[in-house]
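**Q** Pasting a structure here, questions to come.
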């Protein structure tokens, strides 16, 4: 018979074996078949003590012994003649205590301190979007797998029996071996190990700049505020976001004009609220997209401005394929599309800066961004320019300028007021219609990259500047010209624009409307 040994220690009694198991593999006693296995060990020890010194057995001795002990002859033959040992010796001796400790030490070194459930929970509590992760479809399965991993760490240290652990934890043998090797950790464990050990400063949480496109694991963490209270909150984030250093960025900078990072950021934010938008990616990461009608001559410039300002916070963006949209009247409009790479930073912008949940659409839900009203005036002006470039207009026929919105009119009116411009709520727009306010909008300037709109605003201001002051005589030629236009079906605003564009005559809608009314009244009286 072979001498029974456990982890290099010769076993001389059943009690000694029990003590060693309690010391080195206490998890063994949690097995459902522990009693059955211990009975086999006890039998083997009794046989060893009685027959271990024998070199051979007489014919029929095994059969007689089996009858006396009421045991299977086959089992006794395996123990006495073939030198087979009970399973517990094989399992326990597969990994020595020294090897087990080395393997655990190597595994723990890969866990970046995430060796307990308490630390695991602490890491995730310091992560932005930590609350939202519990709402994901596979959260329960991921979290259960993580909890099993910590149970594995404890029980492997106690037993070292991988096969046994895999069976009891309901985990595949290859999976639990990969856990031990550290080559394939549970998804949530792998994620937690990448969250920095350092606790973020008060009011801030950790946020990855990006997710690996293959593993979907986080990379390059920064600290972000849970809510925006001061200007410094924004600056603290921007100093962790580094502008792209590419030839294209330098080209755009030369073409569009140099912008500081905070000004570029506020412009981008305004553009995201207006024509730009968010496209959810995975695990609270998002892309940003911009659609600009191809009919505008300045649409390419606006697209470059969008990509440039994204580049100023370290995100790549580019021109993509045109998109067609069919209007309710059946007309097809072609839009130039620009899109960015995905980043959790964009989802943080949506949630923390604009007050929108990941699933909410800015077209249907008003933004919650009162903090912008407390920012420096230059920041607010730039944000307004982003809004106006996307959803603004300037019109000579209407003789007004405005920022359109279906959800944020009150906020836009207060925002314009904060930079000294009076506007009114008119249908779905914050409308600027007083002539002195139009002049202020031009001087702001209201538009940045939507150059065509700014030029219309300039023309309106020229009309205001050059229009006749007070009651002045209108020449017969001009009177006839205006009435001919009116009689041809042109509206008052269209007449104003035509007078300016084609005849260089600066007239306002009020002036033309007064003249038309007077002439019609005169005509009616003559009849």
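Residue numbers (the numbering used here): 69 to 595.
Cβ atoms here follow ideal geometry from the backbone N, Cα and C, with glycine treated the same way.
1. Taking buried to mean at least 16 other C-beta atoms within 10 Å of its own C-beta, is residue 311 buried or exposed?
2. Look at residue 517 and residue 373 and say whether their C-beta atoms are less than 8 Å apart.
3. Which partner residues of residue 291 appear in the DSSP bridge assignment?
4. Quick check on this structure: which residue in 221, 239, 334, 295 has the alpha carbon closest to the alpha carbon of residue 376?
5. What separation, rounded to the nearest whole angstrom, lies between the Cα atoms of residue 493 and residue 449?
6. Would you grab the beta carbon distance between residue 419 and residue 426 for me? Rounded to a whole angstrom, and I think it's under 8 Å.
7. Grab me the residues of residue 331's own chain with a C-beta within less than 8 Å of its C-beta, minus the 5 sequence neighbours each way, in chain order.
8. My assumption, with CB atoms under 8 Å, is that residue 576 sits in contact with residue 506. Please give the rounded CB distance.
9. If you run the structure through DSSP and keep just helix, strand and coil, what is residue 467?
10. If you drop the 5 nearest sequence neighbours on each side, which residues of the same chain put their C-beta closer than 7 Å to that of residue 274?
11. Taking a contact to mean a Cβ-Cβ separation below 8 Å, would you say residue 344 touches residue 324 in this structure?
12. Which of the three DSSP states is assigned to residue 196 in this structure?
13. Assign residue 78 to one of two classes, buried (16 or more other C-beta atoms within 10 Å of its C-beta) or exposed (fewer than that).
14. Rounded to the nearest angstrom, what separates residue 182 and residue 218 at their Cα positions?
15. Among residues of its own chain, excluding the 5 on either side of residue 393, which ones have a beta-carbon nearer than 7 Å to its beta-carbon?
16. Since residue 499 sits in a beta bridge, which residues does DSSP pair it with?
17. In the DSSP output, what is residue 391 paired with across the bridge?
18. What runs of the alpha helix (DSSP H), each 4 residues or longer, lie entirely inside the segment 354-394?
19. Tell me the rounded alpha-carbon separation between residue 348 and residue 209.
20. Taking the runs of the alpha helix (DSSP H) that are 4 residues or longer, which of them lie wholly in the segment 286-342?
21. Is it true that the CB of residue 157 sits closer than 8 Å to the CB of residue 72?
22. Comparing C-alpha positions only, which one of 126, 130, 104, 103 sits nearest to residue 115?
23. Should residue 222 and residue 234 be called a contact, given that it needs their Cβ atoms to be closer than 8 Å?
24. If you draw a straight line from the alpha carbon of residue 594 to that of residue 572, how long is it in whole angstroms?
25. Give the list of continuous alpha helix (DSSP H) stretches no shorter than 4 residues that lie fully inside the segment 502-556.
26. Three-state secondary structure (DSSP) at residue 80?
27. Residue 389 and residue 405 look like a contact to me (Cβ under 8 Å); what is the Cβ gap, rounded to whole Å?
28. Can you check whether the C-beta of residue 153 is within less than 8 Å of a C-beta belonging to chain D?
29. So, is residue 476 buried or exposed, given that buried needs 16 or more other C-beta atoms within 10 angstroms?
30. Which of the three DSSP states, helix, strand or coil, is assigned to residue 216?
31. Output the boundary residues of the beta strand (DSSP E) element that contains residue 347.
32. Considering only their Cβ atoms, is the gap separating residue 510 from residue 468 smaller than 8 Å?
33. Which term fits residue 121, buried or exposed, when burial requires 16 or more other beta carbons within 10 angstroms of its beta carbon?
34. Give me, in chain order, the residues of the same chain whose beta-carbon lies closer than 7 Å to that of residue 175; leave out the 5 immediate sequence neighbours on both sides.
35. Rounded to the nearest angstrom, what separates residue 270 and residue 442 at their Cα positions?
**A** So, from the listed chains and residues:
1. buried
2. yes
3. DSSP, once it has assigned bridges, lists 274 as partnering residue 291.
4. 334
5. 19 Å
6. With a Cβ gap of about 7 Å, residue 419 and residue 426 count as contacting.
7. Closer than 8 Å at Cβ, skipping near neighbours: 446, 447, 450.
8. Not confirmed; about 11 Å, so no contact.
9. coil
10. 194, 195, 196, 263, 264, 268, 289, 291
11. no
12. coil
13. exposed
14. Each residue's alpha carbon lies about 9 Å from the other.
15. 401, 403
16. 470, 492
17. 403
18. 367-379
19. Rounded to whole angstroms, residue 348 to residue 209 spans 23 Å at the Cα level.
20. Complete alpha helix (DSSP H) runs here, min 4: 299-306, 315-324, 329-341.
21. yes
22. 130
23. no
24. 32 Å
25. 503-511, 519-534, 544-555
26. Shown here, residue 80 sits in coil according to DSSP, grouped into three states, outside any helix or strand.
27. 7 Å
28. Of the protein chains in this structure there is only one, and it is not chain D.
29. buried
30. helix
31. Residues 344-348.
32. no
33. exposed
34. Taken in chain order, the residues that qualify are 248, 250.
35. 21 Å
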